[in-house]
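Below is one structure, written out as structure tokens, with a few remarks after it.
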Amino acid sequence: EKYVEHHIAAHKFAAEFVQEAFHNEKEFSEWKAQEEATEGCWFVLHTAPKKLASGQTRSHYSCNRSGVARPKQGHGSRREKSQGTCKLGKICLSYITVTKQENTQSRAPEDVTISVKYQRKHYGHEVEIQHLRMSDTEKAIIAENLERGVPLKTILKNIRKSVACKLRPAHLAERITLHNIKRQFHIAAPEQCHPNDAVSVDMWVKAMQDKGETLVRLYKAQGAVDPNGTFGATDFALALMTEPQKELLEELGTGTVCLDSTHETTGYQFELTTVVVLDEVGSGIPVAYFICNRMNEENLAAFFRSLEFAINKKAAAKTFMSDDASQFYKAWSSVMGVPQQKLLCAWHVDRNWQKKIQECVEKQLRPDVYHNVRLLLELLDQQEFEKYLHSFLDTNEEKLRDFLKYFKDNYAIRPQEWAYCFRTRAGINTNMHLERMHRTLKHSMLEGKKNKRVDKLISALMDLTYHFLMKRAIQMIKGAKGKKLSAIERYHRSGTEMAGCAKLNEDGTWTVPSQSTKGQSYTVTKVSDDACCPLRCKECAVCVHTYMCTCFAHLIHFTVCKHIHCVVIANRSSSSDNNDYESPPEMATETSQALHIVQSVVSLEEATTVSGSALFRAKMESVKQAIVDGEVSEEVAEKANKLFEPVFLLVENDRKRKMPDQSNEPANKKVEHQARFYSTKKPRLSQPSSSLSRPTEAQKEVLKEQLMDRNVESAQIITSAGHDYS
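Take a look at the structure:
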């Protein structure tokens with residue numbers, strides 16, 4: 001005030017004084033916020049309120065531009081903001097003096113309790129929006145939207161739309177601004193039980209266990225000691241399987257089981273392994289998840305033992321598919337039993353071959369070498385495969401020595417795991433069910449963003465589980481088509497266009513000429529009279545087991561191909577009793593089963609949500625354990641005690657309880673760092689990408705001749721590279 005008086009007297013400063021009176025703090029705060037918004041300024045409390053001799057309390061608010069910037073000294077000081085400091089380096093003359101009357105006897109609203117003296121005119125600066133702050137009201141509105149779960153992108157879009165003729169500080173909000181408001185209002189993501197990811201996951205697991213939920217099948221915290229000795233001290237392991245997933249594993253686990261791991265689902269290089277089973281129509285359904293920092297045989301075996309214990313039996317799979325990592329098959333076989341058939345994902349095999357060819361084969365030879373191994377992969381006749389395999393391995397080319405040794409040592413000794421001729425009618429060729437599921441997880445559930453936290457991954461996995469369970473329920477009720485059923489319908493239309501092409505042989509088989517390759521034909525043989533599975537054509541009333549065809553589509557994709565449709569249409573048109581043929585019943589779509597799945601999803605969503613009481617109990621247990629273990633210093637305990645006092649009064653309702661004994665540790669002992677997740681893997685160098693194209697049918701014929709006769713020249717046929725998972 002003395003500075004204002006000096007400028008009025010000596011510098012002719014035209015001050016503008018305002019007197020106001022309010023009944024309570026709320027009225028004053030609303031007036032102050034309105035004045036700041038109108039004048040484009042922001043007033044901050046200059047010093048703590050002072051008690052006057054009259055019993056009143058006086059507070060002084062000054063303009064935030066007033067004063068000199070005092071940069072922090074020492075280590076860890078922040079860089080200056082891009083807009084620079086808001087301080088002028090001198091005093092702004094605008095101020096607010098608030099006098100509050102304490103201990104007022106009358107509570108009547110007309111009694112004035114707060115008086116305000118306000119000097120409105122500023123000095124030494126203009127209205128610069130970059131140095132203003134967002135009002136508490138605006139922050140509260142944004143916080144309310146954040147609390148309701150409105151996406152940050154939507155909030156920012158709505159803020160931009162509200163811009164009229166005048167900019168406000170709120171219009172300059174960025175994503176970091178919204179994150180700061182989250183932190184200020186203590187708004188955590190729904191899946192976060194604690195800001196520390198490791199503590200959050202531990203609290204969530206304990207809350208699930210306290211509720212009696214069986215969702216967590218295996219848990220080993222990083223840094224904890226495993227009583228069974230399976231996991232190391234630095235290992236983290238978490239196995240999840242819901243009750244509906246357990247029922248699906250019991251029901252479908254004896255068919256086809258697929259396993260694969262995906263990376264980059266957390267910021268600690270933890271891997272996510274998913275167990276997928278195929279349902280009645282060949283669609284993949286995830287039935288268990290395993291998050292671990294090391295996917296070795298011992299850790300995977302512990303995961304599979306937890307699944308075996310859950311279903312109370314061994315999931316004796318008929319077909320087991322994974323990538324070329326041997327630990328998946330070894331761990332599964334040691335726990336669940338040896339599957340009847342072990343298959344490698346054709347896409348992973350192809351990727352490994354291309355990578356090795358890029359490493360040890362000269363550039364000009366790479367296409368020919370890749371075409372040869374791809375030919376071996378796609379041959380459908382076992383005798384023909386054996387003949388060409390021996391011919392390829394007998395190649396005496398010195399430049400191919402390293403690759404041939406790699407191929408002999410890793411693939412030639414086990415062709416039954418990767419060659420197409422050994423997986424005919426198996427119904428699965430690649431792990432694309434898992435690849436598609438992981439793509440849904442990353443791009444839909446995680447919104448295509450890099451995820452860092454484990455608790456967020458757990459929440460995304462639960463959303464993924466709801467998605468697949470509801471998809472199965474919808475399929476059971478509405479009879480929704482999967483990829484394989486849609487392919488059968490497509491082949492039916494193609495087979496109808498080929499009507500009249502099928503030729504009946506003397507042995508009862510049919511010969512159907514190829515529509516794409518001149519001079520090539522396929523043999524169709526009837527092997528059953530019944531349509532025994534849901535993978536069938538409704539109009540032709542045949543399933544994938546009724547006929548067998550020698551084409552690629554039937555033998556590898558195990559579908560009712562267009563050649564089978566052509567034969568069935570020709571056969572039924574020549575039969576006199578075709579009108580009396582009755583289609584077999586549709587796949588069971590009992591509403592009760594679908595209702596059971598929907599009810600399971602609803603109960604699962606409720607079960608996996610941590611209630612406020614459970615979360616509070618988990619936090620208190622965590623604090624209690626830290627005190628018992630002597631991990632809390634006296635200094636931290638005193639600060640926590642002050643912060644906990646309102647909570648204590650609220651929960652205990654002013655009941656007196658004996659405080660725990662103080663720690664005997666010295667008061668100057670440094671606070672121990674809280675346990676956090678960390679990566680246990682070394683960074684890997686990026687590998688060059690491969691871009692080898694697959695051989696065409698014409699190239700395959702030349703390659704066959706070349707393998708039998710070395711004098712035949714290489715097939716120089718230009719093709720376009722594609723991304724095919726067949």
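Take the sequence shown: its position 505, counting from 1, is numbered 505 in UniProt numbering, and each next residue is one higher. Beta carbons are placed, not taken as given, at the ideal position from N, Cα and C, and that holds for glycine.
Buried versus exposed call for residue i [16 or more other C-beta atoms within 10 Å across all chains shown]
{"i": "His348", "result": "buried"}
{"i": "Met708", "result": "exposed"}
{"i": "Asp402", "result": "exposed"}
{"i": "His371", "result": "buried"}
{"i": "Ala9", "result": "exposed"}
{"i": "Ile176", "result": "exposed"}
{"i": "Lys12", "result": "exposed"}
{"i": "Cys549", "result": "buried"}
{"i": "His194", "result": "buried"}
{"i": "Gly284", "result": "buried"}
{"i": "Glu697", "result": "exposed"}
{"i": "Ala570", "result": "buried"}
{"i": "Ala315", "result": "buried"}
{"i": "Lys481", "result": "exposed"}
Inter-residue spacing [alpha-carbon to alpha-carbon] between residue i and residue j
{"i": "Lys408", "j": "Ser333", "result": "25 Å"}
{"i": "Met432", "j": "Glu701", "result": "29 Å"}
{"i": "Val18", "j": "Thr97", "result": "11 Å"}
{"i": "Ala221", "j": "Phe304", "result": "18 Å"}
{"i": "Tyr123", "j": "Gly67", "result": "12 Å"}
{"i": "Lys355", "j": "Asn196", "result": "40 Å"}
{"i": "Asn299", "j": "Trp204", "result": "22 Å"}
{"i": "Ala502", "j": "Gly508", "result": "12 Å"}
{"i": "Ser444", "j": "Trp353", "result": "31 Å"}
{"i": "Tyr268", "j": "Asn293", "result": "8 Å"}
{"i": "Lys387", "j": "Lys704", "result": "10 Å"}
{"i": "Val4", "j": "Gln192", "result": "51 Å"}
{"i": "Glu213", "j": "Pro244", "result": "13 Å"}
{"i": "Cys92", "j": "Glu20", "result": "21 Å"}
{"i": "residue 727", "j": "Leu441", "result": "Summary: the structure shown does not reach residue 727, with the chain confined to residues 1 through 726, and so no result is reported for it."}
{"i": "Ser494", "j": "Tyr547", "result": "17 Å"}
{"i": "His438", "j": "Asp279", "result": "18 Å"}
{"i": "Glu250", "j": "Ala460", "result": "24 Å"}
{"i": "Ser486", "j": "Met208", "result": "41 Å"}
{"i": "Lys100", "j": "Lys153", "result": "43 Å"}
{"i": "Lys450", "j": "Ile291", "result": "17 Å"}
{"i": "Arg436", "j": "Gly282", "result": "14 Å"}
{"i": "Val335", "j": "Arg472", "result": "28 Å"}
{"i": "Leu375", "j": "Ser693", "result": "12 Å"}
{"i": "Leu25", "j": "Thr57", "result": "Residue 25 is actually Glu in this sequence, not Leu. Near 13 Å, if we compare the C-alpha coordinates of Thr57 and Glu25."}
{"i": "Asp235", "j": "Met470", "result": "34 Å"}
{"i": "Lys658", "j": "Leu238", "result": "Only weak support exists for where Lys658 lies, its pLDDT of 35 falling under 50; the value from the coordinates is given anyway. Distance between the alpha carbons of Lys658 and Leu238 is about 38 Å."}
{"i": "Ile114", "j": "Lys2", "result": "23 Å"}
Opening and closing residue of the alpha helix (DSSP H) in which residue i lies
{"i": "Tyr370", "result": "Arg366 to Glu378"}
{"i": "Ala198", "result": "Asp197 to Asp210"}
{"i": "residue 751", "result": "Because residue 751 is not part of the residues shown, which for the chain are 1 to 726, the question remains open."}
{"i": "Thr38", "result": "Glu25 to Glu39"}
{"i": "Tyr388", "result": "Gln382 to Leu393"}
{"i": "Val406", "result": "The sequence given here places Tyr at residue 406; Val does not occur at that position. Arg401 to Phe407 is the extent of the alpha helix (DSSP H) around Tyr406."}
{"i": "Ile556", "result": "Phe552 to His557"}
{"i": "Gln699", "result": "Glu697 to Met708"}
{"i": "Lys246", "result": "Glu243 to Leu252"}
{"i": "Arg183", "result": "Arg175 to Gln184"}
Limits of the beta strand (DSSP E) - the one that residue i falls within
{"i": "Ile96", "result": "Tyr95 to Lys100"}
{"i": "His6", "result": "Looking at the DSSP string, His6 is not in any beta strand (DSSP E); the run it does join, the alpha helix (DSSP H), is Lys2 to His11."}
{"i": "Phe43", "result": "Phe43 to Leu45"}
{"i": "Thr57", "result": "Thr57 to Cys63"}
{"i": "Gln19", "result": "Phe17 to Phe22"}
{"i": "Ser115", "result": "Ile114 to Gln119"}
Could you tell me whether the segment 35 to 55 touches the segment 131 to 141, using the rule of 3 or more Cβ pairs below 8 Å? The segment 35 to 55, when compared against the segment 131 to 141, does touch it at the 8 Å Cβ threshold.
Evaluate contact between the segment 317 to 328 and the segment 250 to 262, counting only Cβ atoms and requiring at least three cross-stretch pairs below 8 Å. With the cut-off at 8 Å, the segment 317 to 328 and the segment 250 to 262 touch.
Decide yes or no for the touch test of the segment 377 to 392 against the segment 557 to 569: beta carbon pairs closer than 8 Å, at least 3 of them. In short, these stretches do not touch, since the Cβ pair count stays below three.
What are the uninterrupted segments assigned as alpha helix (DSSP H) that are 4 or more residues long and contained completely in the UniProt domain "MULE transposase" (257 to 350), given in chain order? The UniProt domain "MULE transposase" (257 to 350) contains these whole alpha helix (DSSP H) runs: 297 to 311 and 326 to 336.
Assess, as a yes-or-no matter, whether the segment 386 to 406 is touched by the segment 350 to 365 under the definition of 3 or more beta carbon pairs within less than 8 Å. Segment contact: the segment 350 to 365 against the segment 386 to 406, three or more CB-CB distances shorter than 8 Å; contact assigned.
Report the start-end ranges of each beta strand (DSSP E) in the segment 484 to 544 that is 3 residues or longer and not cut off at the edges. Annotation: the segment 484 to 544 contains the following complete segments of the beta strand (DSSP E) (minimum length 3 residues), in chain order: 510 to 513 and 521 to 526.
When you compare the segment 198 to 218 with the segment 466 to 476, are there three or more beta-carbon pairs, one atom per stretch, that lie closer than 8 Å? They do not touch, by the three-pair rule.
Start-end ranges of the alpha helix (DSSP H) lying completely within the segment 441 to 482, minimum 4 residues: List check, alpha helix (DSSP H) in window: 454 to 478.
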